[in-house]
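Residue numbers (the UniProt record's numbering): 1 to 236. Step one of this worksheet: look at the structure below.
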């Protein structure tokens, strides 16, 4: 855990047996756990619980996990990890498109689930930051604040999801250089073997849209067959 802090996990899983197994596992390793109960108001439960991480099933009563992920994203950028029996790669791509940060396929290994949650926490709350490296990074007119996952340009500011922010940080750290898709995949996901290449494309598209909210277009260039580059000369 990060500097003794106890992180809180909201588990949104209507299978009581699976929810109980997950809760017991994370409690045993020092997390605070809240189990969602009102499946007609998951957003309300999220706001009340104020968790650091959300573990969410896709198949839920009334509305599915995709819907609730979008709802949570209107108020927060905390890491959201889907846990689902749906193993098709397009389901994983769809999860990323709807705002999720990672995807765990059932049946899952509890150790893997813990590792993914721990990795999400480290990325979201700065534990992977290199010693002595500033939480602020400037690239052209952009200022990235790793402590808040916020990006500013002039007087405009947007808050990114942890995955979106890490992607932009990786590109901004090498502004003007081409960063390979393989490098980005390795920096954003612990286990790239089961990550579909489309998930990176989806995340790049999401970051581009967020930058458009700052009035910036064409900042992230696609270099076909090579990777992506944050254009160091935009605005000239």
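Cβ coordinates follow ideal geometry from the N, Cα and C atoms, glycine included.
- In this structure, 219 is the residue among 121, 219 and 118 with its C-alpha nearest to the C-alpha of residue 177.
- Contact check for residue 36 and residue 10: beta-carbon distance about 6 Å, within the 8 Å limit, so the pair qualifies.
- Three or more Cβ pairs closer than 8 Å define a contact, and the stretch 90 to 102 falls short of that threshold against the stretch 41 to 52.
- Per DSSP, reduced to three states, the secondary structure at residue 227 is strand.
- A direct Cα-to-Cα measurement between residue 188 and residue 81 gives close to 14 Å.
- Ranked by Cα distance from residue 139, the options 224, 231 and 8 are led by 231.
- Annotation: residue 109 to residue 28 spans about 16 Å, alpha carbon to alpha carbon.
- The Cβ-Cβ distance between residue 72 and residue 54 falls below 8 Å.
- As the crow flies, the alpha-carbon of residue 205 is around 30 Å from that of residue 61.
- With a contact defined as Cβ atoms closer than 8 Å, residue 146 and residue 157 miss out at about 14 Å.
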